[in-house]
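Enquirer: Please read through the structure below; I'll follow up with questions.
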Amino acid sequence: AQLWAEGKRKMLVIVPASLRKQWQNELLDKFDLPSEIIESRPGTGSSPGALGNLFAQEKILICSMHYAYRHIEDLRRALPYDLVVIDEAHHFRNVWRKNNKMGQAIREAVGDQPKLLLTATPLHNNLMELYGLVSFIDEQLLGTPSSFKLKFMADSQGREANNLEELRERLEQVSTRVLRRQVQEYIRYTERRGMLEPFTPYRDEQELYDKVSAYLQRERLAAVNYRQRALMLLVYRKLLASSSFAIAGTLESLIKTLQAKLSNLEETPVEEEAVLEDLDGFEEEIEELGAPDEAAEESGPPPLTREEIERELQELQEYHQLAVSIKRNAKGDALLVALRKGFQFNRERGWPEK
226 AQLWAEGKRK MLVIVPASLR KQWQNELLDK FDLPSEIIES RPGTGSSPGA
276 LGNLFAQEKI LICSMHYAYR HIEDLRRALP YDLVVIDEAH HFRNVWRKNN
326 KMGQAIREAV GDQPKLLLTA TPLHNNLMEL YGLVSFIDEQ LLGTPSSFKL
376 KFMADSQGRE ANNLEELRER LEQVSTRVLR RQVQEYIRYT ERRGMLEPFT
426 PYRDEQELYD KVSAYLQRER LAAVNYRQRA LMLLVYRKLL ASSSFAIAGT
476 LESLIKTLQA KLSNLEETPV EEEAVLEDLD GFEEEIEELG APDEAAEESG
526 PPPLTREEIE RELQELQEYH QLAVSIKRNA KGDALLVALR KGFQFNRERG
576 WPEK
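If you read the sequence shown in our numbering, its first letter stands for residue 226, the second for the next number, and so on.
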């Protein structure tokens, strides 16, 4: 808002796809700032090519992290910006890894631009994640990855720090921490109250869950890249627990993967990123694909035969048919009950039904 008041107009906000509309709405509602979402999907916003370089517009632009990566050359040609904002910046915490192509490409593209990184979870499990975020602002501040490990990490896992005071002094040059209690005077936070609505899956839902669970527990799967096995099985289980509708599309993607394998047994890579990009809420899992399971790299099961792949394909087709045949989900029915209870709770207190 301050930059806008100064007449600065060229700003870029890079966020997870699911937050684009929220950013646009809140910029307008809270600061009266107009903005434009740039994206590739027809009918939902601007598309590249038709109107030239969309990144070059003199306005507040909002795009997803993956859109910025896919159109990184357009972004570079549009420089300079008055400000680049990256929300949920912890998605780039592993930018220091050699195979983190998306994070490195975006960091290089906006390297010397004025930047603001926002995150509520800057550190998950390893001090190197903090190193990665700081490198987006200043690649020299914490040294090289190897010198940082030597000077500031007390253990190989990065869970304990050495020279903590010096590390804090360096971080203070580029970071600030704002606690909720510090802004309660200016921002009214909605009180959160949890409500539990138990449910039991219907018989066909339970059958699908049991069959797909048994499938995912196998040691050898042609449809899952062994190097990314742990991450992808976690994703598939999240989808399976979500609803039959959520897992149906993924089963279809796995079927297409095996059909491609059977048409060319020489070498058909499993494209996990393509599967995840079709889903909302898995931005972090896509980022993690850049860091494969090192143990899986060293040893894996032997490749499956054509007959084994054909049997797996037939099973997946059966699971998919079962998934698409399910028209009601107990979880969805329970959600409707919970919403009615929640709205009633709000009405009794004179609160809006939302």
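Ideal Cβ placement from N, Cα and C applies to all residues, glycine included.
Is the CB-CB distance between D307 and L244 below 9 Å?
Expert: No, they are not a contact pair.
Enquirer: Which class does E416 belong to by DSSP, given the choice of helix, strand or coil?
Expert: Coil at E416, not helix or strand.
Enquirer: In the region 319 to 401, which residue ranges form an unbroken beta strand (DSSP E) of at least 3 residues, counting only runs that do not cross its ends?
Expert: Runs of beta strand (DSSP E) with 3 or more residues, each lying fully within the region 319 to 401, are found at 340 to 342, listed in chain order.
Enquirer: If you draw a straight line from the C-alpha of N388 to the C-alpha of A379, how long is it?
Expert: Cα to Cα, N388 sits roughly 9 Å from A379.
Enquirer: Since S289 is in the beta strand (DSSP E), which residue starts that stretch and which ends it?
Expert: 285 to 289
Enquirer: Figure out for me which residue from A242, K323, Q542 has the closest Cα to the Cα of S371.
Expert: Scanning A242, K323, Q542 for the CA closest to the CA of S371 turns up K323.
Enquirer: Could you say which of K374, Q442, E364, K376 lies nearest to Q329 if we only look at CA atoms?
Expert: E364
Enquirer: Check whether the Cβ atoms of L286 and R318 lie closer than 9 Å to each other.
Expert: no
Enquirer: Please report the straight-line C-alpha distance between E537 and P527, rounded to a whole angstrom.
Expert: 16 Å
Enquirer: Report buried or exposed for R393, applying the criterion of at least 16 other Cβ atoms within 10 angstroms of its Cβ.
Expert: exposed
Enquirer: Between which two residues does the alpha helix (DSSP H) carrying L300 extend?
Expert: 297 to 303
Enquirer: Between which two residues does the alpha helix (DSSP H) containing V408 stretch?
Expert: 405 to 408
Enquirer: Give a yes or no on whether the C-beta atoms belonging to V403 and V310 are separated by under 9 Å.
Expert: no
Enquirer: Just to confirm, is the Cβ distance from V320 to S289 under 9 Å?
Expert: Not in contact: V320 and S289 (Cβ atoms no closer than 9 Å).
Enquirer: Taking the Cβ atom as the reference point for each residue, do A314 and L342 lie within a distance shorter than 9 Å?
Expert: Contact: yes.
Enquirer: Leaving out five residues on either side along the sequence, give the residues of the same chain with a beta carbon under 8 Å from the beta carbon of K233.
Expert: D307, L308
Enquirer: Would a C-beta distance cut-off of 9 Å place L483 and L465 closer than the cut-off?
Expert: Their beta carbons are not under 9 Å apart, which means L483 does not touch L465 by this criterion.
Enquirer: Confirm, please, whether the CB-CB distance from E430 to N554 is below 9 Å.
Expert: yes
Enquirer: Distance, Cα to Cα, D435 vs R301?
Expert: Near 49 Å, if we compare the C-alpha coordinates of R301 and D435.
Enquirer: Thinking C-alpha only, which one of K566, Y461, W248 is nearest A439?
Expert: Looking at the Cα atoms, Y461 is the closest of the given residues.
Enquirer: Leaving out five residues on either side along the sequence, give the residues of the same chain with a beta carbon under 8 Å from the beta carbon of T346.
Expert: H315
Enquirer: Go ahead and pull the three-state DSSP assignment for L529.
Expert: coil
Enquirer: Quick check: the Cα distance between L304 and T344, rounded to an integer number of angstroms?
Expert: 24 Å
Enquirer: Could you give the first and the last residue of the continuous beta strand (DSSP E) run that contains L308?
Expert: 308 to 311
Enquirer: Is the CB-CB distance between A448 and E533 below 9 Å?
Expert: For the pair A448 and E533, the CB atoms are not nearer than the 9 Å cut-off.
Enquirer: Taking buried to mean at least 16 other C-beta atoms within 10 Å of its own C-beta, is A473 buried or exposed?
Expert: buried
Enquirer: Relative to the C-alpha of W229, which residue among N350, Y292, E283 is closest?
Expert: E283
Enquirer: Could you check what DSSP says for L237 in three-state terms: helix, strand or coil?
Expert: strand
Enquirer: Excluding the five sequence neighbours on either side, which residues of its own chain have a C-beta within less than 8 Å of the C-beta of I297, listed in chain order?
Expert: The residues are A330, I331, A334.
Enquirer: Does DSSP classify E522 as helix, strand or coil?
Expert: For E522, the predicted structure reports a pLDDT of 46, less than 50, and the residue's modelled location is therefore unreliable. A value from the coordinates is still provided. When secondary structure is reduced to three states using DSSP, E522 falls in the helix class.
Enquirer: Report back the beta-carbon spacing between L584 and Y544 to the nearest angstrom; my notes put them in contact at under 8 Å.
Expert: What the structure shows of the chain is the stretch from 226 to 579, and residue 584 is not part of that stretch, so it cannot be assessed.
Enquirer: Helix, strand or coil, according to DSSP, for E261 in the structure here?
Expert: It is a strand residue.
Enquirer: Rounding to the nearest angstrom, what Cα-Cα distance links P241 and P577 in this structure?
Expert: 28 Å
Enquirer: Given this structure, state the Cα-to-Cα distance separating R445 from E540, to the nearest angstrom.
Expert: Roughly 14 Å between the two C-alpha positions.
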